[in-house]
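> There's a structure below that I have some questions on.
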Amino acid sequence: MIASMQKSGLPTILDFEGTQLTIIDNDGMPWLAAADVALALGYGREDRVSRIYARHRDEFTRDMTALIEAPVLEGSGNLRKSVRIFSPRACHLIAMFSRTDRARAFRRWVLDVLDGVGKPGALAGEGQGLSPLHREQLRKVLWSQVSGLPRHLHATAYSNAWNDLKARFGVTTYHDIPEACFAEAVAFVQGLDLAGKYGWRLLEDTRRPVARIGHVWRQKPLRTASLRVAMLEGVARLLSITPEMIDRERRVRRGS
26 MIASMQKSGL PTILDFEGTQ LTIIDNDGMP WLAAADVALA LGYGREDRVS RIYARHRDEF
86 TRDMTALIEA PVLEGSGNLR KSVRIFSPRA CHLIAMFSRT DRARAFRRWV LDVLDGVGKP
146 GALAGEGQGL SPLHREQLRK VLWSQVSGLP RHLHATAYSN AWNDLKARFG VTTYHDIPEA
206 CFAEAVAFVQ GLDLAGKYGW RLLEDTRRPV ARIGHVWRQK PLRTASLRVA MLEGVARLLS
266 ITPEMIDRER RVRRGS
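Quick note, this note's numbering runs 25 ahead of the 1-based positions in the sequence shown.
Below, the structure is given as structure tokens:
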């Protein structure tokens, strides 16, 4: 998601899996601060990325990282601090050294999104956007993906899929996806693993009927002894308990 544009044409914010990252314009190229890279990779401490860089400093060239002076948000506004920033290539390298669950997705995002926003034609307003025909076709392809989910998931999945598509191409509206990228956009949508992404929701749906039955049983006590017996017999079979074992236990308890 792009919140606004800088004077150079770069976005000020890009979205990575729901995490908003501030874009730093370094000579017209999109760089990220170490703290934002740490956030994207899922680290709880901002200095984890700086430590990765320190351990593998010899892997980074001079044009991949830099120190800048940035204002401190708290206080009077006159305070400044040194902030290390990284180029898209450096961000990808850091993610290669990272072992977090998000590292792989972040590497792909850096190549697909971050590295592209500084190049001609990659941003909204540069070049020709999708034609009306291709917009309609893209909507149909996306809907065909979403319609396979249960109805109550359609709205959420549809909205999230559009956001993923826009983030993929660094645009605020899918209309601004370059016409030359139409085939790539279709392939991206067709590759969305919506069933996997919402699998936990589907699993929850299968559990709800059982939960509702249990709720009814708790609220309305069973009135037939036969049903109670059937339930107990079923539990006994699952536990491999025989009637003789139950009678024996009763006799032991009575004797004690």
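Note that CB positions come from ideal geometry on N, CA and C, so glycine has one too. Please read these numbers as outputs of a predicted model, since none were measured by experiment.
Assign T162 to one of three DSSP states: helix, strand, or coil.
Your numbering for residue 162 matches position 137 in the sequence shown. The residue you asked about is not Thr; residue 162 is Gln in the sequence shown. Note: Q162 maps to helix in three-state DSSP.
> Name the residue from T37, L104, T86, I110 whose alpha carbon lies nearest to the alpha carbon of E71.
On the sequence shown, position 46 is the one that residue 71 refers to. Cα-wise, what sits closest to E71 is I110.
> Report yes if the CB atom of H117 is closer than 9 angstroms to the CB atom of V142, and no otherwise.
Working through the sequence shown from its first residue, we reach residue 117 at position 92. Working through the sequence shown from its first residue, we reach residue 142 at position 117. Against a cut-off of 9 angstroms, the Cβ pair of V142 and H117 comes out as no contact.
> Roughly how many angstroms separate the alpha carbons of A65 and R176, rounded to a whole number?
Within the sequence shown, numbered from 1, the residue matching residue 65 stands at position 40. Within the sequence shown, numbered from 1, the residue matching residue 176 stands at position 151. Computed Cα separation, rounded: 32 angstroms.
> So what does DSSP say about E204, is it helix, strand or coil?
One-based indexing of the sequence shown puts residue 204 at position 179. Helix at E204.
> Identify, in the order they occur along the chain, each residue of the same chain with its Cβ nearer than 6 angstroms to the Cβ of Q295, setting aside the five sequence neighbours on each side.
Residue 295 is absent from the structure shown; the chain starts at 26 and stops at 281.
> Would you call A182 buried or exposed, if buried means 16 or more other Cβ atoms sit within 10 Å of its Cβ?
Against the sequence shown, residue 182 aligns to sequence position 157. A182 should be labelled buried.
> Does F194 come out as helix, strand or coil in the three-state DSSP assignment?
Here residue 194 is taken as the residue at index 169 of the sequence shown, counted from 1. If DSSP states are grouped into helix, strand and coil, F194 belongs with the helices.
> Please state the DSSP three-state secondary structure of Q45.
Stepping through the sequence shown from its first residue, residue 45 is reached at position 20. Strand at Q45.
> If you run the structure through DSSP and keep just helix, strand and coil, what is G154?
Locating residue 154 in the sequence shown gives position 129, where the first residue counts as 1. If DSSP states are grouped into helix, strand and coil, G154 belongs with the strands.
> For S156 and Q170, I'd like the C-alpha separation in whole angstroms.
Locating residue 156 in the sequence shown gives position 131, where the first residue counts as 1. Locating residue 170 in the sequence shown gives position 145, where the first residue counts as 1. Taking the straight line joining both Cα atoms gives about 21 angstroms.
> Under 9 angstroms between C-beta atoms, does K191 make it to chain D?
You won't find chain D in this structure, because it holds only one protein chain.
> Within 10 angstroms of the Cβ of H81, are there 16 or more other Cβ atoms? Answer buried if so, exposed if not.
Residue numbering aside, residue 81 sits at position 56 when the sequence shown is read from its first letter. Looking at its Cβ environment, which holds fewer than 16 other Cβ atoms inside 10 Å, H81 is exposed.
> How would you call G195, buried or exposed, if buried means at least 16 neighbouring beta carbons within 10 angstroms?
Taking the sequence shown and counting its residues from 1, one reaches residue 195 at position 170. The residue is buried, with at least 16 neighbouring Cβ atoms inside 10 Å.
> Taking buried to mean at least 16 other C-beta atoms within 10 Å of its own C-beta, is T86 buried or exposed?
Your numbering for residue 86 matches position 61 in the sequence shown. So T86 counts as exposed.
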